[in-house]
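For reference, the structure discussed in these notes is given below.
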Amino acid sequence: MSKKLLVFILVSLIGVLSLYAADRAPVKVKAYNLPVRGGMHDPVLSGPSVPSKPTLRTLDYIGTLDTAGTTWYDVQHNGTCGKMIGVDDVGMISLVWMNGLNAQSNPRYVYYNVWDPAIGESGDFMYGAIGIRIDASTRAGYISQVTSADGFCFPAFHQQTTNENFHGASAIDYCAYCEAFTVVEPAWCWEDGHDMELIWPKIDMDINGVLHMVSAENPYEGVAGDPQRIYYSRGVPEFDQDGFGLDILWDAMSCGGFEEWDSVMTIAPDVACSRHSERVAIAWTHSMDDLTDDPSQWVNEIYLQVSEDGGLNWGDVINVTQWTLWDRDCLNQGGDTLECDRDTMRAYTDCAVFFDEDDYIHIGFTTPAYWHWLPGVADSGYITPDLSRMWHWGEDSGYFSQIADGWYSAFGAGTGNWQHNVQRPNFALDPATGYLYCSYMKYDSSTTSEGGYEMADAIVTVSTDNGIHWAVGTNVTSTTPDMEPVPQGESMNEREATLAKMVVDGHLHMEYVLDKDAGAFPQEEGVATLNYVIYHRIPVNEIATLPLVDNYPMHWDSSYHPPSASAPLFSHNLPERFLLYQNYPNPFNPVTTLQFDLRRHAKVTLKIFNVLGQEVATLLHDAPLSAGAHQVEFDGSHLSSGVYIYSLVSDGFAASKKMVLLK
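The sequence shown begins at 0 in numbering that gives the first Met the number 0 and counts up by one.
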């Protein structure tokens, strides 16, 4: 018996035996399924094990399509999608999805398939148009994944195994592209005698091969709308001496294998790791309930937290959006509505976080229309979830720019629960050009399904200046039929499109579910249909770089958005170079202001010296600051009169100037 076979048998036996472990033990299960060959390159045609697709008005898609499998469960994520597709260093494409096996989606499991560019003339799926099952539980779903450079796939999902509760888990494949996985749950988190449901995980892998996962709580008690908590986990994959994947060793945290992160009102955390350093970033939507007496899942900021050492230590929480709340007293006293409402854009219910090749963080998020106060009417307000805009924030610039415009009226029943006209940003990078790409869903308001729901197409946009400006999106699918209403089984609604992190061989790699009746069936919208899981290969040279999207200001009253035609568009006014200015006033007694410009995000050290070169004050030390103009106040009341030197050091730039303290 070969060593490889022996190891496989032993690992499989361990996985099976672990099903009978005590409730508090991490669960490790091996799922093994024989591949079913077959597949098709154009889902307009029928193929082995795949139902025929109805005739469409057109399928004017860009690039090439292949079918990884099918699912009756049209919804793949409730908010943030993470990544469901990954590409390795040799161009193999790994896809995962939640597979409902019948019209009731009971059972429901998680599946995997691999697209191999070496099969045939144009590539094919290793496991046919069906794929293989990853889990060995009674029910599983809501899956994301990260693919390593050498082809190992690490799916993250939640599953139901030893009792009625679901638990977050991740899996490691036995070898790259194998049809065998070991599923490992971090040690359960217990509270008041309950094993908590910490589910809906998103996952990424850092430069050292360590896995980082964020999950959200499904409260075991309470009513809908109660705050939920989000949690962080950190795990190390374990391989044997021959390189076969055996286990994931999850760290012990403050609560089992989890560390409580924040209390939130929406399921939207995401995690990303740098490809070039130990930086790890977590972004999420944080409720503004602590600032208002009107708790709502709709009232959210975007928060960010960063680790510089692979998740061992974390920096301060950063409020990225910093919206200004409405002023009730202002409005009730007869003030101008626009002035009193202040910022009424809010983040809901997705975000995406991403690192570029220069190690800067990018965040994409959606803001639907949220307006709170009407003139003279206390406690009035309404939400228009269909209306939305999608935004980008870049760590290097510190500015917000508009990715996509969804500010148009809904039609029929609209987009459905938790859906917006534009939503679900997902990033990819082309290392050859430095261009940043973003996919998203955009609903067509011109026609609806029989149930009255609009249909979405998958859109891709590109930024050639690292997110400062974005091109008007290119529709890469164009599947909406030209009829009204669209019969059940023909609506062709793209759901939860995600991109592999990197452009490879001049192509973006996208995955989505092509739902054949619009609306989310698990939420009783539309009817159950057997849907395709699509792998879409898109040439980047077919994504338009012009025209650009208008950059309306994000900090604006949403009821007046966009502003009038005479209102100026958002101007970034980035400094052209690093510059240290003369302090003002000078001479001073005892307070003066030091001003400097940063061309890009950088760490800054600002110190004060006397004429003997002795340091007398440190105002900034390796402080990470965004691009733009900055001011720092210096109080010299503890110093004697005289000449002093202030020195700025930042990212290879150094400058000093003299100032005079005159008491």
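Here a beta-carbon is modelled for each residue, glycine too, at the ideal position from N, C-alpha and C.
Rounding to the nearest angstrom, what Cα-Cα distance links Asp191 and Cys254 in this structure?
About 12 Å.
What are the residues that DSSP puts in a beta bridge with Ala139?
The partner list for Ala139 (beta bridge, DSSP) reads Gln158.
Quick check: the Cα distance between Trp555 and Asp205, rounded to an integer number of angstroms?
Spanning the two alpha carbons is a distance of roughly 37 Å.
Apply the 10 Å Cβ neighbour rule to Pro47 and answer buried if 16 or more other Cβ atoms are within range, or exposed otherwise.
Annotation note: pLDDT 31 at Pro47 (below 50); position unreliable, coordinate value reported separately. It counts as exposed.
Please classify Asn530 as buried or exposed, where buried requires at least 16 neighbouring CB atoms within 10 angstroms.
That one is buried.
State the start and end residues of the unbroken beta strand (DSSP E) segment that holds Thr181.
Ala179 to Val183 is the extent of the beta strand (DSSP E) around Thr181.
Classify Gly641 as buried or exposed, calling it buried when 16 or more other Cβ atoms lie within 10 Å of its own Cβ.
So Gly641 counts as exposed.
For Ala21 and His166, I'd like the C-alpha separation in whole angstroms.
Low local confidence applies: a pLDDT of 30 at Ala21 is under 50, so the model's placement there is unreliable, and no value is given.
From Gly37 to Leu498, what does the alpha carbon distance come to, in whole angstroms?
At Gly37, the pLDDT of 29 sits below 50, so the modelled position is not reliable; the number obtained from the coordinates is stated separately. Each residue's Cα considered, the two are about 24 Å apart.
To the nearest angstrom, how far is the alpha carbon of Pro42 from that of Asn492?
Note that Pro42 has pLDDT 36, beneath the 50 cutoff, so the model's placement of it is unreliable and the number below is only indicative. Roughly 14 Å between the two C-alpha positions.
Are there three or more Cβ pairs, one per stretch, closer than 8 Å when the region 64-79 is compared with the region 91-102?
Segments in contact, yes.
Could you compute how far the alpha carbon of His419 sits from the alpha carbon of Gly242?
His419 and Gly242: Cα-Cα distance of roughly 45 Å.
With respect to the beta strand (DSSP E) encompassing His693, which residues constitute its N-terminal and C-terminal limits?
This structure cannot settle anything about residue 693, because the visible part of the chain is limited to 0 through 662.
According to DSSP, simplified to helix, strand and coil, what is Val209?
The answer is coil: DSSP assigns Val209 none of H, G, I, E or B.
By alpha-carbon positions, which one of Trp199, Val145 and Leu435 ends up nearest to Gly472?
Selected option, being the one with the closest Cα: Leu435.
Looking at C-alpha atoms only, which residue of Ser232, Leu547, Trp392 and Gly234 is the closest neighbour of Ile301?
Per the Cα distances, Trp392.
Can you give, in chain order, each stretch of the beta strand (DSSP E) that sits fully within the region 471-527 and has at least 3 residues?
If we require 3 residues or more, the beta strand (DSSP E) runs fully inside the region 471-527 come out as 492-498 and 506-514.
If you compare alpha carbons, which of Glu196, Asn585, Pro586 and Asp621 is closest to Ala601?
Considering only alpha carbons, the answer is Asp621.
Take the Cβ of Asn582 as the centre, count every other Cβ of all protein chains shown within 10 Å, and call the residue buried at 16 or more, exposed below.
The residue is buried, with at least 16 neighbouring Cβ atoms inside 10 Å.
Does the Cβ-Cβ distance between Val86 and His508 come in under 8 Å?
Closer than 8 Å, so yes.
Within a Cβ cutoff of 6 Å, which residues of the same chain sit near Val270, ignoring the five residues on either side of it in sequence?
Counting only Cβ-Cβ distances below 6 Å, and skipping sequence neighbours, we find Lys201, Asp203, His211, Val213 and Ile281.
Taking Cβ to Cβ, would you say Ile533 is nearer than 8 Å to His506?
Against a cut-off of 8 Å, the Cβ pair of His506 and Ile533 comes out as no contact.
Which term fits Asp584, buried or exposed, when burial requires 16 or more other beta carbons within 10 angstroms of its beta carbon?
The residue you asked about is not Asp; residue 584 is Pro in the sequence shown. Classification for Pro584: exposed.
Who are the near neighbours of Ser93 in its chain, counting only those whose CB is closer than 6 Å to its CB and skipping five residues on each side?
Contacts found: Gly85, Val113, Thr146 and Cys152.
Based on the DSSP output, what are the partners of Thr366 in its beta bridges?
In DSSP, Thr366 forms a bridge with Arg388.
Please classify Cys329: does DSSP put it in a helix, a strand, or coil?
Note: Cys329 maps to helix in three-state DSSP.
Determine the direct distance from the alpha carbon of Gln159 to that of Tyr359, and round the result to whole angstroms.
For Tyr359 and Gln159, the distance between alpha carbons rounds to 38 Å.
Does DSSP put Val665 in a helix, in a strand, or in coil?
No information on residue 665 is available, as it lies outside the stretch 0 to 662 that the chain covers here.
List the endpoints of the continuous beta strand (DSSP E) containing Gln581.
Run containing Gln581: none; DSSP gives neither H nor E here.
Between the region 304-316 and the region 510-520, do three or more beta carbon pairs fall short of 8 Å?
Not touching, per the Cβ criterion.
With DSSP as the reference, identify every bridge partner of Ser448, one or two as the case may be.
According to DSSP, which records beta bridges pairwise, Ser448 is partnered with Val485.
To which residues of the same chain is Val89 closer than 8 Å at the C-beta, ignoring the five residues directly before and after it?
Contacts found: Gly150.
Report the three-state DSSP secondary structure of Ser104 (helix, strand or coil).
Residue state, collapsed to three classes: coil.
Between which two residues does the beta strand (DSSP E) containing Ala271 stretch?
Taken as a continuous stretch (DSSP letters only), the beta strand (DSSP E) holding Ala271 covers Asp269 to Cys272.
Among Asn164, Gln144, Glu163 and Trp189, which has the Cα closest to the Cα of Ala170?
Checked all of Asn164, Gln144, Glu163 and Trp189; the closest Cα to Ala170 is Gln144.
Give me the Cα-Cα distance between Met658 and Ser438, rounded to the nearest whole angstrom.
Going from the Cα of Met658 to the Cα of Ser438 covers about 51 Å.
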